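Scroll down for the structure; my scribbles are underneath it.
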Amino acid sequence: MKRLLGVALGILTAIGGFVDIGDLVTNAVVGSRFGMSLAWVVLVGVVGICLFANMSGRVAAVSGRATFEVIRERLGPRAGLANLGASFLINVMTVTAEIGGIALALQLASGVAYILWVPFALLAVWLVVWRVKFSIMENVTGLVGLSLVVFAVALFLLKPDWGALAGQAFSPSVPAQEGAGVYWYYAIALFGAAMTPYEVFFFSSGAVEERWKIKDLAQSRLNVLLGFPLGGLLSIAIAGCAAVVLLPAGISVTSLSQVALPVAQAGGQLALAVLILGVVAATFGAALETTLSSGYTLAQFFGWSWGKFRRPAQAARFHVSMIVVLLAGVAVLATGVDPILVTEYSVVFSAIALPLTYLPILIVANDPQYMGKHVNNRAVNIAGVIYLFVILVASLAAIPLMIATGAGA
Amino acid sequence: MSERKRVQPRQLHAAPSPAGLVLDAQLHLLDRQMLDVDGVPVTTVDDIELSGPEPNEEIPEGTAPPQITALLTGPVLGTRIFGGRPPSSRLIRIPWKVVAGVDTVVTLGVRADSMDASWVERWLRNHVIARIPGGSHEP
Amino acid sequence: MSKSPRFRNVVLTLLVVVAGVLAGCSQQPSADALKGPAEEVSSAVRAASLAVDLRISDSTTAAAASTAADDMLGDVESATKEVHALSAQTQEERTLRNDVLAAFSSVSRALLHARDALSSSSNGPSDGQGKAQLSTVQGELRAATEQLDSLMTKAGIQ
Amino acid sequence: MNLSDMLGSDVLDGAGERLGEVSDVRFALDAGAGQLLSPARLVGIVVSPRTASSFLGYERQEISQPWPVAQLLRWRHRGSFLVLWEDIAVMGSEGVRLRSGFTAYDARLTR
Numbered sequence: 018m019k020r021l022l023g024v025a026l027g028i029l030t031a032i033g034g035f036v037d038i039g040d041l042v043t044n045a046v047v048g049s050r051f052g053m054s055l056a057w058v059v060l061v062g063v064v065g066i067c068l069f070a071n072m073s074g075r076v077a078a079v080s081g082r083a084t085f086e087v088i089r090e091r092l093g094p095r096a097g098l099a100n101l102g103a104s105f106l107i108n109v110m111t112v113t114a115e116i117g118g119i120a121l122a123l124q125l126a127s128g129v130a131y132i133l134w135v136p137f138a139l140l141a142v143w144l145v146v147w148r149v150k151f152s153i154m155e156n157v158t159g160l161v162g163l164s165l166v167v168f169a170v171a172l173f174l175l176k177p178d179w180g181a182l183a184g185q186a187f188s189p190s191v192p193a194q195e196g197a198g199v200y201w202y203y204a205i206a207l208f209g210a211a212m213t214p215y216e217v218f219f220f221s222s223g224a225v226e227e228r229w230k231i232k233d234l235a236q237s238r239l240n241v242l243l244g245f246p247l248g249g250l251l252s253i254a255i256a257g258c259a260a261v262v263l264l265p266a267g268i269s270v271t272s273l274s275q276v277a278l279p280v281a282q283a284g285g286q287l288a289l290a291v292l293i294l295g296v297v298a299a300t301f302g303a304a305l306e307t308t309l310s311s312g313y314t315l316a317q318f319f320g321w322s323w324g325k326f327r328r329p330a331q332a333a334r335f336h337v338s339m340i341v342v343l344l345a346g347v348a349v350l351a352t353g354v355d356p357i358l359v360t361e362y363s364v365v366f367s368a369i370a371l372p373l374t375y376l377p378i379l380i381v382a383n384d385p386q387y388m389g390k391h392v393n394n395r396a397v398n399i400a401g402v403i404y405l406f407v408i409l410v411a412s413l414a415a416i417p418l419m420i421a422t423g424a425g426a
Numbered sequence: 065m066s067e068r069k070r071v072q073p074r075q076l077h078a079a080p081s082p083a084g085l086v087l088d089a090q091l092h093l094l095d096r097q098m099l100d101v102d103g104v105p106v107t108t109v110d111d112i113e114l115s116g117p118e119p120n121e122e123i124p125e126g127t128a129p130p131q132i133t134a135l136l137t138g139p140v141l142g143t144r145i146f147g148g149r150p151p152s153s154r155l156i157r158i159p160w161k162v163v164a165g166v167d168t169v170v171t172l173g174v175r176a177d178s179m180d181a182s183w184v185e186r187w188l189r190n191h192v193i194a195r196i197p198g199g200s201h202e203p
Numbered sequence: 064m065s066k067s068p069r070f071r072n073v074v075l076t077l078l079v080v081v082a083g084v085l086a087g088c089s090q091q092p093s094a095d096a097l098k099g100p101a102e103e104v105s106s107a108v109r110a111a112s113l114a115v116d117l118r119i120s121d122s123t124t125a126a127a128a129s130t131a132a133d134d135m136l137g138d139v140e141s142a143t144k145e146v147h148a149l150s151a152q153t154q155e156e157r158t159l160r161n162d163v164l165a166a167f168s169s170v171s172r173a174l175l176h177a178r179d180a181l182s183s184s185s186n187g188p189s190d191g192q193g194k195a196q197l198s199t200v201q202g203e204l205r206a207a208t209e210q211l212d213s214l215m216t217k218a219g220i221q
Numbered sequence: 889m890n891l892s893d894m895l896g897s898d899v900l901d902g903a904g905e906r907l908g909e910v911s912d913v914r915f916a917l918d919a920g921a922g923q924l925l926s927p928a929r930l931v932g933i934v935v936s937p938r939t940a941s942s943f944l945g946y947e948r949q950e951i952s953q954p955w956p957v958a959q960l961l962r963w964r965h966r967g968s969f970l971v972l973w974e975d976i977a978v979m980g981s982e983g984v985r986l987r988s989g990f991t992a993y994d995a996r997l998t999r
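Protein chains in written order, with my numbering: chain L, 18 to 426; chain E, 65 to 203; chain H, 64 to 221; chain D, 889 to 999.
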């Protein structure tokens, strides 16, 4: 019974932890402009993140090495540093976006300008990073974040024409009022939002934090293989709500307050309250994950002592670097830049940095010195190489498409 | 580099296999994590110091092979990436005799706090982290 | 003496080239250049309209609805700035730009009223006076939407 | 000498013809008593005819997954060989010069 509870808890946490401000905003924007015609990208992204999160978790559990240690060791200092620079920049952008997301959600709840909520959000995130146990942090934010299921409920309450939605999803085409370039630009953004590299850094470091052993692998596989796809369904429901209410009304999403409109229309103030709770939890959880990830990547590259299982004094450089990252994120927000804009750029830059992260994982997962008999099997390798190719194409196409479409305008 | 003419040895002999552990430096040592005796990460292997040979000097036949004297860390990482060479006074050396094992990590037989390689960690601990309330509590 | 006219020609040519490049940089308010900002404002006013509807039917809170109106106001401001940056060459272009700016400013005014009405509607729609105020604001938003829509149709911005 | 001074330097044979670049340096630990490791002595250098980046050591191990990454990297390092310490004449800024009549050994690692 207790074991079953543990399994359920893990899966629920994975669902609630899947969606972050990037998924939320990108899916709503895409839904309001392209309907369901990009839903397939979410599917592709979810399969990819399952594949590589699982792989990095297995490497961490079997060898005790987290992803960025592996990246440094295999790519060497030069390519490793290039990767660190890119990943760290994206992490800081994502931290900025998530803290902005917390503040925007609190504005939605209170009507008080988001910028006034930013210091509060910063302090709360730091306190949790500083003091709260890893497992408690993960489970609480994951479970509360599960209230984003309200998007799926709202979609049902809206009584959409399911046939039309499915038609858009299963025979995707570029809508008449949008160009093909913009369509593919948002395809890459959605892909980047689903496969953000920080999730892999966090997942593998989390495996070390929670001292996974080989026997825990079955549980983690279940969490990933059930939790992430269900989280992906939530993402599609976000796009669905936008596609049903906002697209026909001629509204294209530029702010979080617009994302809430369909939910309020479907479920009234109660649904709205649940939505705000879910958004706060999801962005808060993701702010924690990205802050920790920036500490993990730095510490693992330079070989510092890291981890929340240690006292802060035993991982001084790790904690100092996270404080610096949080302050940098807040400094960016203090310039008055729109957090939604930061989010949109962060997911595209994520897509660009993906190959550097996923290639070393794939290679080490095949190295018997690390993995013993737990090396990748053939099916996983074939899928991994196919994904690496897709990731590479997306990464190379991202910048030209960004310039050609004026970042999707 | 590839424009220059290259010759290729005609045949490869089977290599003599030494009795003990064989390590290829780049493959098995460089850029690996070092853990202290308690399993606390210390730093990474940024470079390796050898006992010889003297650069640019003819090696007499029968000279005993050089040995690894120390693992190096610190500013040497920057010079491996960007070129050049740090002054030897700035190198942080971890003598080979404190190395206890080499696997996917390099384990040391001493405590991190006793080593030069962790002075930044100690400085930040004493001057920043220890001054924030809760810094030395169990999480 | 013979050198000077040639020199002048060279300078003139250069000036023309530079002017051409500059003109290329600061776009003219053609239907194409106005399309982006106009669509942005059209989306914003519709979103605010939806928020007011939801508030009238008590589906959303005063805080969430007024936040939406406030966000939309920001969108309209940035679109207005974008149009201001376009430099009109011909009389026709100048008229079009001014019409668009006029439409934007009536949207902007309606949004301001909407935001104020929404944030003061915290007593709930049971409050008759608040409800009346919201319907007035809704009418204003609709009128601004129509003004913008007809202008967009006229100018061939779809 | 430091290891990074050797890695990537040119390798010439006794007559001054270029053979390739140092892609790795091999050490051996002779089993010794005691809790700590025995000294690591230099066995030889791995010479790659094409590239100095010892990318992942695919040329020396029996790892063939994932296709085609492993195959590509091994192909890039084809022709790598090991030269023992006894056959090295000079190591320095100009690169590594081997003694004439050196022996090229199979660079594969046996585990």
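Backbone N, C-alpha and C fix where the C-beta goes; we use that ideal spot for every residue, glycine too. Since this is a predicted model, take the numbers as computed values, not measurements.
Among residues of its own chain, excluding the 5 on either side of residue i, which ones have a beta-carbon nearer than 8 Å to its beta-carbon?
i               : result
D212 of chain H : S105
L371 of chain L : G209, M212, P214, I408, A411, S412
L114 of chain E : P130, Q131, I132, T133
A99 of chain L  : L373
G249 of chain L : F35, V59, L60, G62, V63, A211
By Cβ distance below 7 Å, which residues in the same chain neighbour residue i in space, the five residues on each side in sequence not counted?
i               : result
G983 of chain D : S897, D898, V899, L900
L85 of chain H  : Residue placement at L85 of chain H is poorly supported in this model, since its pLDDT is 49, which falls under 50; the coordinates still yield a value, given next. So no residue of the chain qualifies.
S129 of chain H : R178, L181, S182
I253 of chain L : A56, V59
D111 of chain E : L136, V140, R144
What's the call for residue i, buried or exposed, on a 16-neighbour Cβ count within 10 Å?
i               : result
V104 of chain E : buried
T43 of chain L  : buried
R95 of chain L  : exposed
H201 of chain E : exposed
R929 of chain D : buried
H965 of chain D : buried
L188 of chain E : buried
V354 of chain L : exposed
A114 of chain L : buried
T352 of chain L : exposed
H92 of chain E  : buried
G87 of chain H  : Here G87 of chain H scores only 46 on pLDDT, less than 50, and its place in the model is too uncertain to base an answer on.
Check the Cβ of residue i against every Cβ in chain E and list those closer than 7 Å, keeping chain order.
i               : result
W973 of chain D : P129
E115 of chain L : Chain E residues near E115 of chain L: none, gap ~22 Å exceeds 7 Å.
W229 of chain L : Going along chain E, no residue has its Cβ under 7 Å from W229 of chain L, so there is no contact; the nearest lies around 16 Å.
Within its chain, find whatever has a CB closer than 6 Å to the CB of residue i; leave out the 5 residues flanking it on each side and keep chain order.
i               : result
A126 of chain L : I293
P177 of chain L : V261
Please list the partners that residue i has in chain D, where partner means a Cβ-to-Cβ separation under 8 Å.
i               : result
G401 of chain L : P954
Residues of chain D with a CB under 9 Å from the CB of residue i: which are they?
i               : result
I132 of chain E : L891, F915, P927, A928, R929, L930
Please determine, among the options, the residue with the shortest C-alpha to C-alpha distance to residue i.
i               : options                        : result
Y362 of chain L : L:F35, L:A183, L:L207          : L:L207
T30 of chain L  : L:Q236, L:V79, L:G93           : L:Q236
Q282 of chain L : H:E209, H:D121, H:A101, H:V108 : H:D121
I123 of chain E : D:G967, D:Q959, D:A977         : D:A977
P189 of chain L : L:V280, L:F51, L:G401, L:I66   : L:F51
G257 of chain L : L:L41, L:G81, L:V291, L:W147   : L:L41
T991 of chain D : D:D975, D:L895, D:G980         : D:D975
A186 of chain L : L:V342, L:V349, L:Y375, L:S54  : L:S54
G902 of chain D : D:D893, D:R985, D:A995, D:R938 : D:R985
Using a C-beta to C-beta distance shorter than 8 Å, which residues of chain L count as neighbours of residue i?
i               : result
I951 of chain D : N383, D384, P385
List the residues of chain E that residue i touches, going by C-beta distances under 8 Å, in chain order.
i               : result
S981 of chain D : P119, N120
V934 of chain D : D88
S322 of chain L : V104, P105, V106, A176, E185
List, in chain order, every chain L residue whose beta-carbon is nearer than 7 Å to that of residue i.
i               : result
R109 of chain H : A266, G267, I268
> Which runs of the beta strand (DSSP E), 3 residues or longer, sit entirely within the region 76-162 of chain E?
Replying inline: 85-88, 97-99, 105-108, 111-114, 132-137, 156-159
> What alpha helix (DSSP H) runs, 4 residues minimum, are completely inside the region 26-108 of chain L?
Replying inline: 38-51, 56-80
>> Just to confirm the assignment: which complete beta strand (DSSP E) runs, minimum length 3, are found wholly within the region 960-989 of chain D?
In response: 969-972, 976-980, 983-986
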